[in-house]
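Going by this note's numbering, the first residue of the sequence shown is number 6, and it counts up by one from there. Idealized CB from N, CA, C, for every residue including glycine. Since we're looking at a predicted model, the values are computed, not measured.
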Amino acid sequence: MDKKVNLKSLSNDLNISVGTISRVLNGKAKEYRISEKTIKIVTEYAEKMGYQPNRVAQSLRVSKTFTVGLLVPDIANPFFSTMAKFIEKQASALDYSILLMDSDEDFEKEKKAIDQLKSRNVDGIILCPTSDDISYYEKIVDKPCPIVFIDRYLNTSKIPFITSDNYGGTFIATQYLINKGHRNITLLQGKQSEPIKMRVRGFLDALKKNNLSEAQENITGHSFDIEEASKTFIDLWERNPTFTAVIALSNTIGLGVLKAAKSLQLDIPEDISLIVFDEHEYSDFINPALTTVKQDKESMGKSAFEMLYKLIQEEDQPDNDFIMTTLVERKSVKKLFI
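In structure tokens form, the structure reads like this:
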């Protein structure tokens with residue numbers, strides 16, 4: 006039968022006290038002035054023997070569960086599922102587990118999920134909020150369970166956040182279309198949030214810079230749902246089929262535009278050009294390959310967990326971060342003669 010590896014067995018094998026081994030393996034060797042030689046002997050032998058710490062006992066000692074809640078508005082959305090993967094990867098590297106929950110863009114469901122996560126004594130929560138109710142979010146923040154916003158955020162809240170450079174991404178996309186000769190450009194937005202507001206502002210500022218109209222009728226949409234985005238596009242096209250390009254402010258809205266274009270028998274980019282805010286693996290494989298604003302989901306996920314980890318360790322309040330976006334040029338934009 007395989008030998009059970011624990012602190013006591015390591016102590017017996019090395020003839021070193023359980024207390025000393027525990028301090029080394031819990032990163033407290035320097036605090037107790039344990040020699041580098043002893044640290045090397047303990048860590049190498051523990052690794053050789055495949056020692057795994059007892060997280061349950063450890064959590065009882067330090068009042069931590071080594072779990073973090075992750076709450077997103079739609080796990081079926083590739084943007085959130087991919088980002089969740091990178092958050093989990095970073096958490097795992099620091100010996101944390103993730104409890105993933107889906108709010109379905111429903112504030113009441115989100116509040117219930119937060120209560121459930123807190124009842125499980127998670128050490129912190131990474132949250133993409135569905136509401137702009139600042140008073141609610143700031144009421145539930147406390148030191149035992151800090152919160153970090155990801156993607157969406159509340160501009161006047163004290164809760165730290167990680168998001169994309171939403172303004173710059175849409176500004177560059179709009180300028181790209183203008184450089185290709187497009188003058189009548191439609192923006193399909195989703196549910197209102199700070200990132201969407203910044204994307205809209207980037208769009209309007211690019212138009213203004215180029216002395217083009219800032220007509221609000223060029224901005225439409227209210228949902229990230231594929232079917233709703235498709236219906237919105239079809240309605241817009243049937244009322245005013247004069248625009249030559251569309252910027253879809255999420256990958257699901259972009260899929261809605263593609264569905265609508267197929268229903269209307271429109272050719273992309275011959276009949277209508279399309280840029281989608283967000284890159285996904287399908288972007289390069291559909292016909293035509295989509296020009297996109299690429300968000301760095303890996304950096305967002307990694308940074309969000311690192312930010313939360315600092316708060317859990319009661320370090321200084323981390324700074325908010327805007328992760329750079331890049332325009333990926335493919336085949337879904339037509340150059341017009343001007």
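**Where K299 falls: helix, strand or coil (DSSP)** = In the three-state DSSP reduction, K299 falls in the strand class (E or B).
**Asked** Just how far apart, CA to CA, sit L313 and E93?
**Response** Going by the C-alpha atoms only, they are around 13 Å apart.
**Item:** 9 Å Cβ cutoff met for I280 and L271
**Value:** In terms of Cβ geometry, I280 and L271 do not form a close pair [threshold 9 Å].
**Message:** Assuming V338 and L241 are in contact, meaning their beta carbons sit under 8 Å apart, how far apart are those beta carbons, in whole angstroms?
**Reply:** Going by Cβ atoms, the distance from V338 to L241 rounds to 19 Å, so no, they are not a contact pair.
**Item:** V333 versus L217, F208, G306, F282, residue with shortest Cα-Cα distance
**Value:** If you compare the alpha carbons of L217, F208, G306, F282 with that of V333, the shortest gap goes to F282.
**Asked** Straight-line CA distance for N82 to L12?
**Response** Roughly 44 Å separates the two Cα atoms.
**Asked** Excluding the five sequence neighbours on either side, which residues of its own chain have a C-beta within less than 6 Å of the C-beta of E199, listed in chain order?
**Response** Y158, N160.
**Member of S14, M329, V10, I190 whose CA lies at the smallest distance from the CA of Y172** = The option with the nearest alpha carbon to Y172 is M329.
**Prompt:** Over what stretch of residues does the alpha helix (DSSP H) that includes A89 continue unbroken?
**Reply:** Segment 83–98, the alpha helix (DSSP H) holding A89.
**Request:** Output the distance between the C-alpha atoms of V153 and S218, rounded to the nearest integer angstrom.
**Result:** A straight-line Cα-Cα distance of about 38 Å links V153 and S218.
**Prompt:** Since T169 is in the beta strand (DSSP E), which residue starts that stretch and which ends it?
**Reply:** Rather than Thr, the amino acid found at residue 169 in this sequence is Ser. Note, S169: beta strand (DSSP E), 166–169.
**Request:** Within 10 angstroms of the Cβ of A98, are there 16 or more other Cβ atoms? Answer buried if so, exposed if not.
**Result:** Exposed, since its Cβ has fewer than 16 Cβ neighbours within 10 Å.
**Message:** Let's test the definition: count the other Cβ atoms within 10 Å of the Cβ of P165 and tell me whether it reaches 16, buried, or not, exposed.
**Reply:** With 16 or more other Cβ atoms inside 10 Å of its own Cβ, P165 counts as buried.
**Request:** With DSSP collapsed to three states, give me the class of M106.
**Result:** Looking at M106 - three-state DSSP - the assignment turns out to be strand.
**Item:** N- and C-terminal bounds of the beta strand (DSSP E) containing G74
**Value:** It spans 72–77 - the beta strand (DSSP E) in which G74 sits, taken as one unbroken run.
**Message:** Do F84 and D156 count as a contact pair if the criterion is CB distance below 9 Å?
**Reply:** Annotated as proximal: D156 and F84, with beta-carbon spacing under 9 Å.
**Request:** List the residues that DSSP assigns as beta-bridge partners of D346.
**Result:** Within the shown structure, residues of the chain are numbered from 6 to 343, placing residue 346 beyond reach of any answer.
**Item:** T43 - containing alpha helix (DSSP H), residue span
**Value:** It spans 41–54 - the alpha helix (DSSP H) in which T43 sits, taken as one unbroken run.
**Request:** Say yes only if the C-beta of I177 is nearer than 8 Å to one or more non-hydrogen atoms of the ligand FAD, and no if none qualify.
**Result:** This structure lacks the ligand FAD, and indeed carries no ligand of any kind.
**Prompt:** From D107 to Y50, what does the alpha carbon distance come to, in whole angstroms?
**Reply:** For D107 and Y50, the gap between their C-alpha atoms comes out near 42 Å.
**Request:** Compute the distance between the beta-carbons of P78 and E115, then report whether it is under 9 Å.
**Result:** Their beta carbons are under 9 Å apart, which means P78 touches E115 by this criterion.
**Prompt:** Taking the beta strand (DSSP E) that S268 falls in, what are its first and last residues?
**Reply:** Annotation: S268 is outside any beta strand (DSSP E); the continuous alpha helix (DSSP H) that includes it extends over 256–268.
**Prompt:** What are the uninterrupted segments assigned as beta strand (DSSP E) that are 3 or more residues long and contained completely in the region 185–231, given in chain order?
**Reply:** Complete beta strand (DSSP E) runs here, min 3: 190–193.
**Item:** Range covered by the beta strand (DSSP E) that runs through A250
**Value:** Per DSSP, A250 belongs to the beta strand (DSSP E) from 250–253.
**Boundaries (first-last residue) of the beta strand (DSSP E) holding F154** = Counting along the chain, the unbroken beta strand (DSSP E) around F154 starts and ends at 152–155.
**Which of helix, strand or coil DSSP assigns to R66** = Low per-residue confidence applies at R66: pLDDT is 48, beneath 50, and the placement is therefore not dependable enough to give any value.
**Request:** Give the straight-line distance between the Cα atoms of V146 and K202, rounded to the nearest whole angstrom.
**Result:** Looking at the two C-alpha atoms, the distance is approximately 25 Å.
**Prompt:** Between L212 and T179, which are expected to be in contact by the criterion C-beta below 8 Å, what is the C-beta distance as a whole number of angstroms?
**Reply:** Contact check for L212 and T179: beta-carbon distance about 7 Å, within the 8 Å limit, so the pair qualifies.
**Message:** Under 8 Å, with one C-beta from each stretch per pair, do the region 249–260 and the region 281–296 reach the 3-pair mark?
**Reply:** Yes: at least three Cβ pairs fall under 8 Å.
**Asked** Just checking my contact of L316 with P134 at CB under 8 Å: how many whole Å lie between their CB atoms?
**Response** Actually they do not touch by this definition, with Cβ atoms about 17 Å apart.
**Request:** Would you decide whether Q322 is buried or exposed? Buried here means 16 or more other CB atoms lie within 10 Å of its CB.
**Result:** Looking at its Cβ environment, which holds fewer than 16 other Cβ atoms inside 10 Å, Q322 is exposed.
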